[in-house]
Amino acid sequence: MKRPTVLVVEDEPAIRRGLVDALRFAHYEVIEAEDGRVGLDRAVGAEVDLILLDLMLPEIDGLTILAETRKARPTLPIIILTAKGSEDDRVAGLQGGADDYVVKPFSARELLARVDAVLRRSAERPRAVEQIEADDGRAVSIERREVSLADGERRSLTDREAQILEFLAVNAGRAVSRRELLERVWGLDARRLETRTIDMHVARLRDKLGEDKTAPKFVVTVRGKGYMLGEVEVK
Ligand code: CA
Numbered sequence: 056m057k058r059p060t061v062l063v064v065e066d067e068p069a070i071r072r073g074l075v076d077a078l079r080f081a082h083y084e085v086i087e088a089e090d091g092r093v094g095l096d097r098a099v100g101a102e103v104d105l106i107l108l109d110l111m112l113p114e115i116d117g118l119t120i121l122a123e124t125r126k127a128r129p130t131l132p133i134i135i136l137t138a139k140g141s142e143d144d145r146v147a148g149l150q151g152g153a154d155d156y157v158v159k160p161f162s163a164r165e166l167l168a169r170v171d172a173v174l175r176r177s178a179e180r181p182r183a184v185e186q187i188e189a190d191d192g193r194a195v196s197i198e199r200r201e202v203s204l205a206d207g208e209r210r211s212l213t214d215r216e217a218q219i220l221e222f223l224a225v226n227a228g229r230a231v232s233r234r235e236l237l238e239r240v241w242g243l244d245a246r247r248l249e250t251r252t253i254d255m256h257v258a259r260l261r262d263k264l265g266e267d268k269t270a271p272k273f274v275v276t277v278r279g280k281g282y283m284l285g286e287v288e289v290k
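First residue of the sequence shown: 56, per my numbering; consecutive thereafter.
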């Protein structure tokens, strides 16, 4: 099994180093972010399994990152790091959807125990969207990033393609704008991208899904608005 990847968002270099070293020692893959902007970018855009999130950060604060990440990735495990004695932060973090918290200063052992526990809980928790099925026999497994066509042929999806479908499925019933897709699926990188990027990804995704161009079922174009999940069943 692939080793879990942990995103560490912490501006204090010594603390960040301590976190990264402890996690690497315990055989996690680690991605680092030294401020809130980079942190949010990676939280919503990078492939991560868990986020360790400091709340007091330059550029964008931790609670904002928490809220944005929750919107884009409702089930991604997030552990917040709070300073000793700041109970308000802790409560705000948990109310904002954090899975757990660790109080600084912390021991590596305690930190790793919490990371391990939160990852275990999340593995048992069902995903927001596991499978999307059309009534013509086609199905998409978001979990396996795979399309199965009516004749049984299987095609792999990229992470982005699966995330686009997942985001449309989570928001089924309403049209999602290209800008929103860029921000939610690509993260802050979106500012450097054009909304046409979305159209190109959607075109490729529709190809893989074997969509009928005049009557797509999975990804429907809503003129003047964006895209919307069509006549499919979300499981
Ligand atoms: Ca800090």
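Even glycine gets a Cβ: it sits at the ideal position worked out from N, Cα and C.
The structure displayed is predicted, hence computed values, not measured ones.
Query                                                                                                                                                                         : Result
Could you tell me the alpha carbon to alpha carbon distance between Val231 and Gly281, rounded to whole angstroms?                                                            : 5 angstroms
By alpha-carbon positions, which one of Phe80, Ala189, Asp104 ends up nearest to Pro59?                                                                                       : Asp104
Since I believe His256 is in contact with Ile219 (beta carbons under 8 angstroms), could you give me their beta-carbon distance rounded to a whole number of angstroms?       : 6 angstroms
Using the Cα positions of Ile134 and Leu167, report the straight-line distance between them to the nearest angstrom.                                                          : 11 angstroms
Say whether the stretch 261-281 touches the stretch 159-176, bearing in mind that this needs 3 or more beta-carbon pairs closer than 8 angstroms, one atom from each stretch. : no
I need the straight-line Cα distance from Ser211 to Gly148, nearest angstrom please.                                                                                          : 36 angstroms
Mark Lys272 as exposed unless 16 or more other C-beta atoms lie within 10 angstroms of its C-beta, in which case mark it buried.                                              : buried
What's the gap between the Cα of Asp90 and the Cα of Val64?                                                                                                                   : 7 angstroms
If you reduce the DSSP assignment to three classes, tell me which class Met111 lands in.                                                                                      : coil
Below 9 angstroms between beta carbons: does that hold for Gly94 and Ile70?                                                                                                   : no
Would you kindly work out how many angstroms separate the C-alpha atoms of Arg92 and His82, rounded to a whole number?                                                        : 27 angstroms
What residues in its chain sit with their C-beta under 6 angstroms from that of Arg125, if we drop five residues either side in the sequence?                                 : Gly152
What's the C-alpha gap between Arg175 and Arg239?                                                                                                                             : 26 angstroms
Using a Cβ-Cβ cut-off of 6 angstroms (strictly less than) and excluding sequence neighbours within five positions of Ala163, which residues of its own chain qualify?         : Ala77
Please write down, chain order preserved, every residue whose beta carbon lies under 5 angstroms from a heavy atom of ligand 1.                                               : Asp66, Asp109, Met111
Run through DSSP, which three-state label would Met56 get?                                                                                                                    : With a pLDDT of 49 at Met56, under the threshold of 50, the predicted position of this residue should be treated as unreliable, though the coordinate-derived value follows. In the structure shown, Met56 sits in coil (DSSP, three-state: anything other than H, G, I, E or B).
Measure the C-alpha to C-alpha separation of Asp144 and Arg234 and round it to an integer number of angstroms.                                                                : 31 angstroms
Taking the DSSP output, what are the residues bridged to Thr137?                                                                                                              : Val158
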